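Undergrad:
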Amino acid sequence: MKLALVLSTVDAAFDALAFKGDLTKGAMMAKDIGYDAVEIAIRDPKVIDVAQLKSLLDELRMDVVAVGTGQAYLAEGLSITDADVSIRSRAMERLKNHIDFASFFNAKVIVGLVRGKKGKRSLDETLKLFIESVGELANYAKEKGVELVVEPLNRYETDFLNTLKEVRHALELLRRDNVGILADTFHMNIEEVNIEESLKECASWIKHFHVADSNRWAPGAGHLNFDSIFKTLREIGYSGFISVECLPLPGGTEEAARLAFKTLQRFLKKL
Ligand code: LER
Ligand code: MN
291 MKLALVLSTV DAAFDALAFK GDLTKGAMMA KDIGYDAVEI AIRDPKVIDV AQLKSLLDEL
351 RMDVVAVGTG QAYLAEGLSI TDADVSIRSR AMERLKNHID FASFFNAKVI VGLVRGKKGK
411 RSLDETLKLF IESVGELANY AKEKGVELVV EPLNRYETDF LNTLKEVRHA LELLRRDNVG
471 ILADTFHMNI EEVNIEESLK ECASWIKHFH VADSNRWAPG AGHLNFDSIF KTLREIGYSG
531 FISVECLPLP GGTEEAARLA FKTLQRFLKK L
């Protein structure tokens with residue numbers, strides 16, 4: 291398992307990010323600390339100079355493991371399950387741009403907040419739209435060799451697909467081999483009855499992993515048991531990246547990113 295740091299573009303609306311600002315500076319800082327890769331949260335891939343970013347990251351020998359898409363929802367209200375077909379199709383277009391962007395870097399694309407909210411609609415109706423939209427995106431991504439990961443999010447951020455099991459069930463109905471689960475310790479700490487058991491129950495579906503501590507501060511600054519979580523990841527044969535997605539706390543961006551790295555290295559070394 292290798293470590294990545296989540297970075298985001300300047301116009302991020304979502305502040306649970308270790309680094310928000312200039313991507314170049316963020317990637318250099320991540321490299322300096324010892325991270326193997328970065329994950330980038332992007333509202334609109336069109337605002338990024340892909341060639342320039344690729345050459346910088348190649349120079350630093352840093353991979354991009356995943357592309358976050360939630361800012362398109364937070365900043366612009368784009369949702370792939372919106373009842374309004376014009377919003378839905380704008381969201382789909384945007385995500386296809388994210389998939390194109392990800393294909394340059396061999397990165398996964400995250401389907402998190404961009405799934406929107408159920409609101410007053412029934413769960414069946416909302417899930418039907420979700421499966422239809424993710425199915426179309428999965429077909430598009432397949433042609434580009436890109437994988438999608440659906441992230442269970444806690445109840446304060448969305449009102450459907452909050453647990454690993456709920457996402458697994460939706461993916462079993464979807465039946466696409468390039469769509470898996472992104473498990474995030476912050477959300478799991480709120481929603482799962484038992485984090486380790488849920489990871490075991492969804493073992494073969496887990497394709498990406500986010501870490502923050504219980505308070506969404508850097509790992510090491512809260513009370514999550516990373517020892518046991520990492521042992522479980524090893525036990526279920528997870529060999530992907532661990533991306534640090536935490537608030538710039540304690541002490542600001544760099545201090546949080548350094549503490550996260552130190553804490554996670556300590557547990558990884560014990561495996
Ligand atoms: C994004 O990965 C995430 O975890 C969400 O909480 C975004 O709001
Ligand atoms: Mn996350």
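Numbering (our numbering), first residue to last: 291 to 561. Beta carbons are placed, not taken as given, at the ideal position from N, Cα and C, and that holds for glycine. From a predicted model like this one, the values you see are computed outputs, not experimental measurements.
For the region 418-506, which segments carrying the alpha helix (DSSP H) assignment without a break, of at least 4 residues, lie completely within its bounds, in sequence order?
TA: Runs of the alpha helix (DSSP H) inside the region 418-506: 454-464, 475-481 and 485-491.
Undergrad: Among the residues of its own chain, which have a CB less than 6 Å from the CB of I642, if the five just before and after it don't count?
TA: There is no way to answer for residue 642, as the model of the chain reaches only from 291 to 561.
Undergrad: From L355 to K398, what does the alpha carbon distance come to, in whole angstroms?
TA: Correcting the residue type first, residue 355 is Val in the shown sequence and not Leu. V355 and K398: Cα-Cα distance of roughly 6 Å.
Undergrad: Mapping the DSSP letters down to three states, classify I389 as helix, strand or coil.
TA: I389 falls in the helix class under three-state DSSP.
Undergrad: Using a 10 Å radius around the Cβ and a threshold of 16 neighbouring Cβ atoms, would you call H459 buried or exposed?
TA: Classification for H459: exposed.
Undergrad: Given this structure, state the Cα-to-Cα distance separating N396 from V436, to the nearest angstrom.
TA: The alpha-carbon atoms of N396 and V436 are separated by roughly 7 Å.
Undergrad: Short check: CB of T234 to CB of G510, under 8 Å?
TA: Nothing can be reported for residue 234: it is not among the residues displayed for the chain, which extend from 291 to 561.
Undergrad: Within 7 Å: the Cβ of I400 and any heavy atom of the ligand LER?
TA: True, at least one ligand heavy atom lies under 7 Å from that Cβ.
Undergrad: Do G358 and I330 have their beta-carbon atoms positioned less than 8 Å apart in this structure?
TA: In this structure, G358 lies closer than 8 Å to I330 by Cβ.
Undergrad: Please determine, among A493, G406 and A547, the residue with the shortest C-alpha to C-alpha distance to L443.
TA: The candidate whose alpha carbon is nearest that of L443 is G406.
Undergrad: Within 8 Å, do at least three Cβ pairs link the region 476-493 to the region 516-527?
TA: Taking 8 Å as the limit for Cβ pairs, the verdict is that the region 476-493 does touch the region 516-527.
Undergrad: Between S504, E462 and T475, which lies nearest to W495 when the distance is taken from Cα to Cα?
TA: Nearest C-alpha to W495: E462.
Undergrad: On the premise that I323 lies in contact with A235, defined as a C-beta separation below 8 Å, what is that separation, rounded to the nearest angstrom?
TA: Lying outside 291 to 561, the shown extent of the chain, residue 235 is not represented and no answer is given.
Undergrad: Count the other CB atoms, across all protein chains shown, that sit within 10 Å of the CB of K560; report buried if there are 16 or more and exposed otherwise.
TA: Exposed: under 16 other Cβ atoms inside 10 Å.
Undergrad: With A356 as the anchor, note down where its beta strand (DSSP E) starts and where it stops.
TA: Note, A356: beta strand (DSSP E), D353 to G358.
Undergrad: In chain order, what residues have a CB nearer than 6 Å to some heavy atom of the ligand MN?
TA: For the ligand MN, the selected residues are E441, D474, H500 and E535.
Undergrad: Compute the Euclidean distance between the alpha carbons of D390 and V328, then round it to the nearest angstrom.
TA: Distance between the alpha carbons of D390 and V328 is about 18 Å.
Undergrad: From M319 to L427, what distance separates their C-alpha atoms?
TA: Going by the C-alpha atoms only, they are around 33 Å apart.
Undergrad: Any heavy atom of the ligand LER inside 7 Å of the beta-carbon of E447?
TA: Checking the Cβ of E447 against the ligand LER gives yes.
Undergrad: Report yes if the C-beta of H477 is less than 7 Å from at least one heavy atom of the ligand LER; otherwise report no.
TA: Yes.
Undergrad: Should G324 be listed as close to the ligand LER, given that the test is whether its C-beta is under 7 Å from any heavy atom?
TA: Flag unset: Cβ of G324 not near the ligand LER.
Undergrad: Leaving out five residues before and five after E544 in sequence, what residues of the same chain have Cβ atoms less than 7 Å from its Cβ?
TA: Taken in chain order, the residues that qualify are M319.
Undergrad: Compare the beta carbon distance of V404 and V439 with 8 Å and say whether it is the shorter of the two.
TA: No, the pair does not count as a contact, with Cβ atoms beyond the cut-off.
Undergrad: Could you give the residue range of the alpha helix (DSSP H) that holds V340?
TA: Start and end: V340 to L350.
Undergrad: Which residue marks the beginning of the alpha helix (DSSP H) containing I519, and which one marks its end?
TA: Element bounds for I519: F516 to E525.
Undergrad: For K497 and V469, what's the separation of their Cα atoms in angstroms?
TA: Each residue's Cα considered, the two are about 8 Å apart.
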